[in-house]
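Protein chains in written order, with our numbering: chain P, 487 to 840; chain W, 29 to 275. Below is one structure; the comments refer to it alone.
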Ligand SMILES: Cc1ncc(C[n+]2csc(CCOP(=O)(O)OP(=O)(O)O)c2C)c(N)n1
Ligand code: SF4
């Protein structure tokens, strides 16, 4: 086993990106993710990569479009207001099928909101976010180690499906320090290995075009079909979801990201009180762990669900769709950067099972 | 006049421009220069949003189609991954000087080693003749039907002048394609810009005063006269920046 190192979440994510093969970063400062660009602004030059502080988030995402389309392993990171600005570019990347990684360290909104942790960008991340029918592969890590592991495979997945991969974190995870294990450095990526990348080496017949424009509706339709087929494939293969103690649970908590972790710490407290509690903690938000919810909801021992989230019920909408009326669902929601504690969760459970 | 043959860097696709449109001339000039500099299999074009949106179908090289105004950012991304390749954008005036103003200025400030072909036809061609940031004072468009009034609609933007005052750009020239002699000058300017990029000198932009006969409501010969008499009077031709020799 490799030695553990103590690292701040944002820096660990940045280092894991480098080890996962990322060589190009384009971004714009915003709290609470600024340690990612700060770290990469020196680190990428050590590994022969490049770093640009762009003039805006709009420019940054379009630089990622160019670099990713040219076969480079590129990323950008931001927080909520900046991610809103990137949506046009992300939509173009989805249609042009450009592999890249986008990190959102979510802060409270709407508007300028606040810089405290939130999960209120859930729908934007999971339902598309920009215009048009598209999805991203959305990972929501609960710990820094999980974030590191996901960053490490993010470009492999992005290239496998030619899709932007989205990491949905939050301010809490970015600022936390934890001992983590870092994976080894991957072999550098060769843009020439792709049969679609505009590396400039092609001329005439073999030339490549990265494009999101399909003016003929029949062609636009076909491209949409291709995208949807890809999303179905991703739904089949890429779901990651943790379940704890659902085999005997009477109440099942569900949460993702940092909140999933807080829920986890509420489990032993509740068990000690004699309450049979379980947890569903999805790591992928698209694809959604619908099957897991279906199976758990079908269990006779499961009486009800409690969704816990740092938003007004955005995540709960998907939980409700997946549970599909089979069992009642309560919601514990906090907004504005307020974070619930394990005790708050315990209290809510006691209240709903009364 | 020498006999014209199709450059290798042009595909066989039919150019989608209106009769008398300067986009056709500019596209061919760029392709000729790429041929002459032997840049086949070394070049990535970045198409923008406007009447030249399909330029990825015309240039016989790798190409990326960028969102409206973002071509310099997209080109930056490509160039950072492939610094040894030639990267150029082909943009209209709405694309470059309005919605994409931040991207073009900052690409210039970074001295990004790319070439920008900037087609200034003083109008939004593709969307049917609305006012552009470059529309002349008094010029009628579908969104300035009484003529552009600076009190209401602001003043035309002079991109060469603006960028030339900054440190970063290596070569900036304004040319026009109103007649044979000026078309030759335009080609020379384009060639010089690509030569600078090959030499790694940094950001180059050629602004081409161009005609949109369709949305100007003119026949092509009158449109050529309008470039010469009206456009060039408001947008003086010339070299605005040239860092020259060795950088
Ligand atoms: C974000 C966005 N806004 C608006 C448009 C619509 N649009 C397409 S082309 C164009 C104007 C292009 O004009 P210009 O750059 O001057 O090029 P021209 O057509 O004159 O060659 C506009 C506004 C768009 N495609 N995307
Ligand atoms: S509308 Fe104007 S700019 Fe567009 S192709 Fe026609 S003449 Fe050219």
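Virtual Cβ for every residue (Gly too), placed ideally from N, Cα, C.
Of the residues P/703, P/702, P/704, P/682, the one placed nearest residue 694 of chain P, counting alpha carbons only: Per the Cα distances, P/682.
Cβ contact (3+ pairs, closer than 8 Å) linking the segment 593-600 of chain P and the segment 708-718 of chain P: The answer is no - the segment 708-718 of chain P does not touch the segment 593-600 of chain P, with fewer than three Cβ pairs under 8 Å.
Chain-ordered chain W contacts of residue 699 of chain P [CB-CB under 7 Å]: Per Cβ cutoff of 7 Å: 81, 93.
Contacting residues, own chain, Cβ-Cβ under 8 Å from residue 504 of chain P (five flanking each side not counted): Cβ neighbours of residue 504 of chain P beyond the five flanking positions: 526, 529, 530, 533, 535, 671.
Beta strand (DSSP E) segment containing residue 490 of chain P, residue limits: Counting along the chain, the unbroken beta strand (DSSP E) around residue 490 of chain P starts and ends at 490-494.
Residues near residue 139 of chain W in its chain [Cβ-Cβ closer than 6 Å; skip 5 each side]: Once the five neighbours on either side are set aside, the close Cβ partners of residue 139 of chain W are 196, 230, 231.
Chain W within 8 Å of residue 686 of chain P, Cβ atoms only: At least one chain W Cβ lies under 8 Å of residue 686 of chain P.
Pair within 8 Å by beta-carbon distance, residue 521 of chain P and residue 494 of chain P: For the pair residue 521 of chain P and residue 494 of chain P, the CB atoms are nearer than the 8 Å cut-off.
Cutoff 6 Å; reference residue 636 of chain P; Cβ partners in own chain excluding five residues on either side: Excluding residues within five positions, the ones whose Cβ falls inside 6 Å are 625, 627.
Per DSSP, the bridge partner or partners of residue 819 of chain P: DSSP, once it has assigned bridges, lists P/795 as partnering residue 819 of chain P.
Boundaries (first-last residue) of the alpha helix (DSSP H) holding residue 718 of chain P: Residues 703-723.
Same chain only: Cβ atoms within 7 Å of residue 276 of chain W, ignoring 5 sequence neighbours per side: The shown model of chain W, from 29 to 275, leaves out residue 276 of chain W, and the question about it has no answer.
Residue-chain proximity (residue 46 of chain W, chain P), Cβ-Cβ < 8 Å: For residue 46 of chain W, the answer is no, since every Cβ of chain P falls outside 8 Å of its Cβ.
Cβ-Cβ distance between residue 501 of chain P and residue 668 of chain P below 8 Å: Closer than 8 Å, so yes.
Contact residues within the segment 60-89 of chain W, judged by C-beta distance below 7 Å to chain P: Across the segment 60-89 of chain W, CB contacts with chain P closer than 7 Å involve 68, 69, 70, 71, 72, 81, 84, 88, 89, in sequence order along the chain.
Chain-ordered neighbours of residue 704 of chain P on chain W, where CB pairs are closer than 7 Å: Simply none; closest approach about 17 Å.
Rounded C-alpha distance that separates residue 261 of chain W from residue 165 of chain W: Each residue's Cα considered, the two are about 12 Å apart.
Cβ-heavy atom distance, residue 155 of chain W to ligand 1, below 7 Å: At least one heavy atom of ligand 1 is nearer than 7 Å to the Cβ of residue 155 of chain W, so yes.
Three CB pairs or more closer than 8 Å across the segment 727-739 of chain P and the segment 637-654 of chain P: Touching, no, given that fewer than three Cβ pairs across the two stretches are closer than 8 Å.
C-beta neighbour in chain P for residue 275 of chain W, strict 8 Å: Confidence at residue 275 of chain W is low in this model, with a pLDDT of 45, below 50, so its placement is unreliable and no value can be given for it.
CB contact below 8 Å: residue 848 of chain P versus chain W: In this structure chain P extends from 487 to 840, so residue 848 of chain P is not present and cannot be described.
Collapsed DSSP secondary structure at residue 275 of chain W in the structure displayed: Low confidence applies to residue 275 of chain W: its pLDDT is 45, below 50, so where it sits in the model is not reliable, and the reading given next is rough at best. Three-state DSSP puts residue 275 of chain W in coil, outside helix and strand.
Status (buried if at least 16 other CB within 10 Å, exposed otherwise) for residue 76 of chain W: With 16 or more other CB atoms across the displayed protein chains lying within 10 angstroms of its CB, residue 76 of chain W is buried.
Start and end residues, beta strand (DSSP E) containing residue 667 of chain P: Annotation: the continuous beta strand (DSSP E) that includes residue 667 of chain P extends over 663-667.
Assigned exposure category for residue 663 of chain P - 16 Cβ within 10 Å defines buried: Residue environment analysis places residue 663 of chain P among the exposed positions, since fewer than 16 neighbouring C-beta atoms fall within 10 angstroms of its C-beta.
Contacting residues, own chain, Cβ-Cβ under 6 Å from residue 99 of chain W (five flanking each side not counted): For residue 99 of chain W, where only same-chain residues beyond five positions count, the Cβ hits under 6 Å are 74, 76, 117, 119.
Whole runs of the alpha helix (DSSP H) within the segment 149-226 of chain W, excluding any shorter than 4 residues: Assignment of alpha helix (DSSP H) within the segment 149-226 of chain W, counting only whole runs of 4 or more residues, yields 178-181, 187-192, 208-226 in chain order.
Distance cut-off 7 Å: residue 161 of chain W Cβ against heavy atoms of ligand 2: Not so, every heavy atom of ligand 2 lies at least 7 Å from the Cβ.
Burial state of residue 638 of chain P, where buried means 16 or more other Cβ atoms lie within 10 Å: The residue is buried, with at least 16 neighbouring Cβ atoms inside 10 Å.
Distance cut-off 7 Å: residue 45 of chain W Cβ against heavy atoms of ligand 2: Remark: the shortest separation between the CB of residue 45 of chain W and any heavy atom of ligand 2 falls under 7 Å.
At least 3 beta-carbon pairs within less than 8 Å: the segment 745-757 of chain P vs the segment 820-828 of chain P: Cβ pair count under 8 Å is three or more, so yes.
Segment limits, beta strand (DSSP E) that includes residue 768 of chain P: 763-768 is the extent of the beta strand (DSSP E) around residue 768 of chain P.
Same chain only: Cβ atoms within 6 Å of residue 191 of chain W, ignoring 5 sequence neighbours per side: Same-chain partners within the cutoff: 136, 197, 200.
Residue 563 of chain P: CB within 7 Å of a non-hydrogen atom of ligand 1: Checking every heavy atom of ligand 1 against the Cβ of residue 563 of chain P, none is found closer than 7 Å.
Neighbouring residues, chain P, relative to residue 104 of chain W (Cβ below 7 Å): Neighbours of residue 104 of chain W across chain P, judged by C-beta separation under 7 Å: 538, 549, 552.
Alpha-carbon to alpha-carbon, residue 499 of chain P and residue 570 of chain P: Those two C-alpha atoms are separated by around 21 Å.
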